[in-house]
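Chemist: Going by this note's numbering, the first residue of the sequence shown is number 4, and it counts up by one from there.
No residue lacks a Cβ here, since even glycine has one placed at the ideal position from N, Cα and C.
Dumping the structure here so I can ask a few things about it.
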Amino acid sequence: MRPLHAAIATAIALTLSQAPALGAEPLTIVTQGGQPGDVQKKTVFEPFTAETGIQIRVDTFNQELARLRTQIETGNLIWDAASLNPINEVAGCEEGLLEKIDWSKHAKAAAFEAVGGFGECGAPYLASPGVLVFDADRLKGDAAPKSWADFWDVKKFPGKRSLMYQPDQTLEIALMADGVAPSEVVKVLTGPGGVDRAFRKLAELKPHLKWWKSGDESMQLLLTGEVSMGYGWLGRVNAANSSNDRRLRIVWDAGYTNAVIFLGVLKGSPRKEEAIRLIAYQLSAPVQARYMEVLGNPPANAEANPLLSEGRRAGLPDPKSRKGMMQAGSQYINFWLDNGDAIRQRFATFVAQ
């Protein structure tokens, strides 16, 4: 064989050996879906497939860890990778549901220090602030809430409002409404009487509440006028404003929750290496910037911030602000791991009564 032809043949063989086999099962990743999932598909998954040839199937779940547990226990893996809140990242890792991966081999660890760094199993890929949001077309000037105390003041601000049908995040907001500074919420919640205090505060507002169970529903309640103010996630608020030409406004100074969302690989996935490759791709600064520019959430990778437009950066919370209550740290995570089941049962009973 001539030298040039041999070189071409070698290059083709190498390319084929690195490409996914024809007819190979797609890599399945589970997310929370909705508008953020649509953005993720367009800005992350489709470009990744175009660059690597690895096909991706997307499924959705609402952080039900039992669904991961069932797959691992039965050996019937449906998913390869999952988007996880900080509590489930730790719980899934401790239960052996997730692969333990040294993510510092796949991304710059220093770039993720501001969001708490890598977990033992998961890698952080976005921050998800939960905020007080109101309809500025209905509530203007002095009629607009400026704090969680205002949110609870049904005499000054009559009408229905919405909160999340889930105790973690909701109990924290109740404590802020009761005068606890965001920086002190974890200490108060996890201390003696903290949970009881939060439930007492929730009871004051209960007759005026509508509960939502998904990010889409949180915005529907506002957009249809069923509530004039509520608790919602930043990315959903941005999407509602851009797609519906609405004026939903965020009250950052009221205080907000801030969860870091992780990506992890399910234990025993036959596509572990492809899953790691996808997650590493999503952690890179250019991909983070492309995704967050559309979604409107803070990136986990600090090196992505300068790549965002000036307008997008202006809509993000001030990283130096003390108004954010981080849903992170061993005290907070261990509290929910140890007490979460009992509190969730109490919460369900509270709402049903």
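Taking the C-alpha atoms as reference points, what is the distance between A113 and A139?
Modeler: If I take the Cα positions, the gap works out to 39 Å.
Chemist: Could you tell me the boundaries of the beta strand (DSSP E) in which W214 lies?
Modeler: Run containing W214: 212-215, per the beta strand (DSSP E) assignment.
Chemist: Output needed for I75: all residues of its chain with C-beta closer than 6 Å, excluding positions within five of it in sequence on either side, in chain order.
Modeler: Excluding residues within five positions, the ones whose Cβ falls inside 6 Å are L100, K270.
Chemist: Pick out the complete alpha helix (DSSP H) segments inside the region 134-198, 4 residues or longer, and give them in chain order.
Modeler: Whole alpha helix (DSSP H) segments, 4+ residues: 151-155, 170-180, 188-193.
Chemist: Could you check the C-alpha separation between S287 and P302 for me, to the nearest Å?
Modeler: S287 and P302: Cα-Cα distance of roughly 10 Å.
Chemist: By alpha-carbon positions, which one of Q285, N337, P320 ends up nearest to E49?
Modeler: Comparing Cα-Cα distances from E49 to each of Q285, N337, P320, the minimum goes to Q285.
Chemist: In whole angstroms, what separates the C-alpha of L71 from that of A85?
Modeler: Using only the alpha carbons, I get a separation of about 9 Å.
Chemist: Work out the CA separation of G267 and F362 for me, nearest whole Å.
Modeler: Residue 362 lies beyond the residue range present for the chain, which begins at 4 and ends at 356; the question has no answer from this structure.
Chemist: Within a Cβ cutoff of 8 Å, which residues of the same chain sit near G327, ignoring the five residues on either side of it in sequence?
Modeler: So the list reads P132, P185, G258, Y259, T260, N261, P320, once near-sequence residues are dropped.
Chemist: Taking the alpha-carbon positions, what's the H109 to L281 distance?
Modeler: One C-alpha to the other measures close to 11 Å.
Chemist: Run through DSSP, which three-state label would D62 get?
Modeler: Here D62 sits in strand by DSSP.
Chemist: Give the secondary structure of E98 by DSSP, where H, G and I count as helix, E and B as strand, and everything else as coil.
Modeler: If DSSP states are grouped into helix, strand and coil, E98 belongs with coil.
Chemist: So I346 packs on P89, CB below 8 Å; how close in whole Å?
Modeler: At roughly 16 Å, the Cβ-Cβ gap does not stay under 8 Å, so I346 and P89 are not in contact.
Chemist: Please name the residue, chosen from N300, A146, F265, that lies closest to I279 on a Cα-to-Cα basis.
Modeler: Closest option to I279, Cα to Cα, is F265.
Chemist: Using a Cβ-Cβ cut-off of 6 Å (strictly less than) and excluding sequence neighbours within five positions of W82, which residues of its own chain qualify?
Modeler: T31, V33, L269.
Chemist: Counting pairs of beta carbons, one from the region 241-251 and one from the region 56-73, are three or more of them closer than 8 Å?
Modeler: As far as the Cβ criterion goes, the region 241-251 does not touch the region 56-73, which means the pair count is below three.
Chemist: Specify whether the region 305-317 and the region 139-151 touch according to this definition: at least 3 beta carbon pairs, one from each stretch, less than 8 Å apart.
Modeler: With the cut-off at 8 Å, the region 305-317 and the region 139-151 do not touch.
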